[in-house]
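Quick notes on the structure that follows.
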Amino acid sequence: MLILSDMLTITRALYDQIVEHSRADHPDEACGVVAGPVGSGRPERFIPMLNAARSPTFYEFDSADLLKLYREMDDRDEEPVVIYHSHTATEAYPSRTDITYANEPGAHYVLVSTADTDAAGPFQFRSYTIVEGVVTEEEVKVVEAYDA
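Under this note's numbering, the letters of the sequence shown match residues 24 to 171, in that order.
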């Protein structure tokens, strides 16, 4: 049984962009980042990435793209608040590989399952923290806008 930790609060627009990217890249896994101001915990800037593996069972950020992204976030005083990817044939739960590569202990790891979906079909959208190999599911709260 999973225990709920903190909560991911995300705008409807960002939520929809993550789902749309996941559906658009199906049958390959989609991946990306939502950056936010350092220390805020607030996802603000949607950054879809290319799955360099181009695989339905694995995702990999291109190392040059990732380096460019981290430099850009550093220049903008941002950090990765959400790291997302899709699962195309399984539920939205981190695989052993996902857990091994989770190296941002402060990030929310969002998984979208497109396993049973078509263009308008159902999907799963779940968020986790992954710290030192421990996976904890958290509630997802979708809001129209963040409080000021």
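Note that CB positions come from ideal geometry on N, CA and C, so glycine has one too.
For clarity, every value in this text was computed on a predicted model and none was experimentally measured.
Task: Run of the alpha helix (DSSP H) containing Glu95, from where it starts to where it stops - done: The count along the sequence shown starts at 1 and reaches residue 95 at position 72. Per DSSP, Glu95 belongs to the alpha helix (DSSP H) from 86–98.
Open item on the list: Using a Cβ-Cβ cutoff of less than 8 Å, which residues in the same chain neighbour Glu161 once the five nearest sequence positions on both sides are dropped?
Closed with: On the sequence shown, position 138 is the one that residue 161 refers to. Here the set comprises Leu27, Ser28, Asp29, Met30, Leu31, His131, Ser150, Tyr151, Thr152.
Open item on the list: What does the Cβ neighbour count give for Tyr172, buried or exposed, with the cut at 16 atoms within 10 Å?
Closed with: Any question about residue 172 goes unanswered here, given that the chain covers just 24 to 171.
TODO: Determine the contact status of Arg35 and Glu155, defining contact as a CB-CB distance below 8 Å.
DONE: Here residue 35 corresponds to residue number 12 of the sequence shown, with the count starting at 1. Here residue 155 corresponds to residue number 132 of the sequence shown, with the count starting at 1. It is not a contact, given that the beta carbons lie outside the stated cut-off.
- [ ] Tell me His44's beta-bridge partners as DSSP assigns them.
- [x] Start at 1 with the first residue of the sequence shown, and residue 44 comes out as number 21. Paired residue(s): none; His44 is not in a bridge.
Open item on the list: Considering only their Cβ atoms, is the gap separating Val56 from Ile122 smaller than 8 Å?
Closed with: The residue you call residue 122 lines up with position 99 of the sequence shown. The residue you call residue 56 lines up with position 33 of the sequence shown. No, the pair does not count as a contact, with Cβ atoms beyond the cut-off.
Task: Leu73 in three-state terms, based on DSSP - done: In the sequence shown, counting from the first residue as 1, residue 73 sits at position 50. If DSSP states are grouped into helix, strand and coil, Leu73 belongs with coil.
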